[in-house]
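Data first, discussion second: the structure below is written as structure tokens.
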Amino acid sequence: MAPGLVPQRPGDRVKTDPRDARKLARLHAGGLLEPIHVPSPELEAARDLVRAREDARLDRMRDRHRLSKFCLRHGRLLPTSAWTVTRRKWLSEQRFEFTAQQLTFDTYLHTVDLVDRRIDALERAIRETAEQEPWRELVARLRCLRGVDTLTALAIVTEIGDFDRFRSAEEFMAFVGLVPSEHSSGERRSRGSITKVGNSHVRRMLVEAAWHARRRPKVGYELARRQRGQDALVVERAWRCQQRLYHRWQRMAGRGKPSQKIVVACARELAGFVWAIATNQPLRSA
């Protein structure tokens, strides 16, 4: 069962094991306990691999930040805003007056190089895993969506596991915390920010993919290659997803909504299409 979804009475301030056991027995008899999904060892192993890559990504961000700030403290302005070959070449040419400074700089630079190689190795392993059963077919279908390539697709698949446990797209959206919070009473309706409950890994992946909705619907060379050989219904839904998300972005932008709010709304819509493609179920509103 899900501990966070066990009903609690506001006035209950006494907690003992016997009382908890009786309460859980009553709730179970009334069908009020939410079961949890237990991943298989194989699924958990693949999920750990994807999460290891995410940990490495965060490490790289911190290591790059330390290196760039060290350069700025010593008056070295980095030549580009992105970590390109030009920036890496510039960094390798830097020399400092004192031995201690040079050693510090070399250590920071070496750490960045190490984490880059670590990420490359993990991404190769992820691509190999995505080509194996039982992930291959579902990953290939999800890659038909714009903004969803192998890493994102495998991350979603391994974090969710069984998509059929969600009875509707709305239930899946709620699971990943992309639905608005609500505090309504009587005729008064009050909605707030998204709930952010559930799986934060999938929510972040969907939000990142939803940024592609800013651009006009288009099937470029790389996306066409990913869609080649896939079921016509999946490809058609992926195209409808592009159109729907783009028009939603334009409508909200026209009303002056900030891009951070728009991308979350598009991520919620994208979650619905992910569920529909994964389960082969129709979307009521798509």
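Every number in the working numbering is 71 more than the matching position in the sequence shown, counting from 1.
Every residue, glycine too, gets a C-beta built ideally from N, C-alpha and C.
Contacts around residue i, its chain only, beta-carbon distance under 7 angstroms, and the 5 residues preceding and following it disregarded
i: M276; result: T223, A226, I227
i: A324; result: I333
i: V209; result: One point to set straight first is that residue 209 is Leu, not Val, in the sequence displayed. Taken in chain order, the residues that qualify are V228, A349.
Candidates the options: closest to residue i by CA position
i: A117; options: P205, R319, V278; result: P205
i: R128; options: S111, L185, E115; result: L185
i: G291; options: M244, Q352, I231, L216; result: L216
i: T155; options: R207, G146, R135, R147; result: R135
i: R188; options: P110, D130, A303, R311; result: D130
i: K289; options: D88, Q172, R311; result: R311
i: R207; options: P353, K328, Q301; result: Q301
i: S111; options: Q352, I231, H272, V250; result: I231
i: D235; options: S152, Q352, Q79, A342; result: Q352
i: F176; options: K140, Q79, K86; result: K140
Integer-rounded CB distance, given that residue j should sit under 8 angstroms from residue i
i: R198; j: T221; result: 5 angstroms
i: L114; j: T200; result: At roughly 11 angstroms, the Cβ-Cβ gap does not stay under 8 angstroms, so L114 and T200 are not in contact.
i: A240; j: W346; result: 5 angstroms
i: L180; j: L138; result: 6 angstroms
i: P150; j: R159; result: So it is not a contact: roughly 10 angstroms between Cβ atoms.
Cutoff 9 angstroms: residue i Cβ touching any chain B Cβ
i: G248; result: Considering every chain present, this structure includes no chain B. It has just one protein chain.
Contacting residues, own chain, Cβ-Cβ under 8 angstroms from residue i (five flanking each side not counted)
i: R296; result: none
i: E279; result: G218, T223
i: L193; result: L120, A123, R124, A127
i: I348; result: R212, L213, C215, L216, V305, R308, A309
i: R326; result: none
i: V183; result: R131, D134, R135, L138
i: F237; result: F243, F246, W346, T350
i: R166; result: Q173
i: S163; result: L180
Residue burial classification, residue i (beta-carbon count within 10 angstroms, cutoff 16)
i: Q313; result: buried
i: Q298; result: buried
i: R274; result: buried
i: G146; result: exposed
i: V109; result: exposed
i: A96; result: exposed
i: L174; result: exposed
i: L294; result: buried
i: A281; result: buried
i: L249; result: buried
i: A342; result: buried
i: L143; result: exposed
Cβ neighbours of residue i in the same chain (closer than 6 angstroms, five flanking residues each side left out)
i: L316; result: A284, C337, E340
i: A92; result: none
i: H272; result: E230
i: W161; result: P150
Check whether the region 280-292 and the region 329-342 are in contact - that is, three or more C-beta pairs closer than 8 angstroms.
These segments touch.
Three or more beta-carbon pairs under 8 angstroms between the region 267-275 and the region 242-250, yes or no?
Yes: at least three Cβ pairs fall under 8 angstroms.
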